[in-house]
Amino acid sequence: LERQLVQAGIKGKVMQAEMEITKQKEEIKGDTKDAYRQTEAEQKNLQNIMGNEVDLKKKEMQMEIQKARNQLQGNNNNS
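What follows is the structure in structure tokens.
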């Protein structure tokens, strides 16, 4: 009987340790998923910012091109 109680105690401790390991493993999985989602959101935000900057630069270049054309036309008309 005493040996059975010792074995049961060991088995209980092993089961408790397994539960703690499983819990920690799931917490790490959750943390990893959260970090992945955050990184993904930051990347999307950065892509949007960069896209907006590209659009702005395109518009600025178009305005500069139009300004240069207008100046050339003005110079041609004055000649």
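Just so we're aligned: 38 in the working numbering is position 38 of the sequence shown, and the numbers increase by one with no gaps anywhere. By construction, the Cβ of each residue, glycine as well, lies at the ideal position given by its N, Cα and C atoms. Every value quoted in this text rests on a predicted model; they were computed, and no experiment measured them.
CA-to-CA, the gap between residue 55 and residue 48 works out to about 11 Å.
Bounds of any alpha helix (DSSP H) do not take in residue 1, whose DSSP letter is neither H nor E. Note on geometry: alpha-carbon atoms of residue 45 and residue 28 lie some 26 Å from one another. Across the structure, residue 74 and residue 57 are spaced so that their CA atoms are roughly 25 Å apart.
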